[in-house]
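Here the sequence shown is numbered in this note's numbering, starting from 107 and rising by one per residue.
Ideal placement from N, C-alpha and C gives every residue a C-beta, glycine not left out.
Keep in mind the model is a prediction, meaning the values are calculated, not measured.
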Amino acid sequence: MSAFLFSITAFKMVSMKNPLAAILDSNRFTGLNYQDWLRNLNLVLASEKLIYAIEKSPPKEALADISPEELITLKQWWDDEVKARCYVMASMSNEMQRRFEKTKYAADILFHLKELYGECQAVLITNN
């Protein structure tokens, strides 16, 4: 099973534990609903305590002299980043998933989506 399919399967299992995750399943990002999708994604990530993984840069690679506490923190960040990326990817349409499947971090995906859709949506909303 590919890592991406494993991620989607993991997301579906997590969504059974977190009823809020169903919001993402029924409101997938298509390119036209960026603001609504982002609001829902942030709700789910906040409920899972994963927001920090999309707001902060990845920690530097572990050094040889890293303390056991720092190693635990580093591992937790990477685990949470994988979960956040799974939520992001699984909540997108198939077309959007294909576009971003090679993007390594959830924060990078969200950065590119904001560049592509964030400003457009704001203009569309103010022009109505």
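What number of angstroms, rounded off, separates the C-alpha of residue 146 from the C-alpha of residue 169?
Distance between the alpha carbons of residue 146 and residue 169 is about 37 angstroms.
Could I get the ranges of all uninterrupted beta strand (DSSP E) runs contained in the region 168-231, with 3 residues as the minimum, in chain order?
Listed in chain order, there is nothing to give.
Since residue 124 is in the alpha helix (DSSP H), which residue starts that stretch and which ends it?
Taken as a continuous stretch (DSSP letters only), residue 124 belongs to no alpha helix (DSSP H), as it is neither H nor E.
Would residue 215 pass as a contact of residue 194 if the rule is Cβ separation under 8 angstroms?
Yes, they are a contact pair.
If you count every other CB in all the chains shown that lies within 10 Å of the CB of residue 191, and 16 or more means buried, which is it?
Counting Cβ neighbours within 10 Å, residue 191 comes out buried, since at least 16 surround it.
Using only the alpha-carbon positions, how far apart do residue 154 and residue 171 sit?
Each residue's Cα considered, the two are about 31 angstroms apart.
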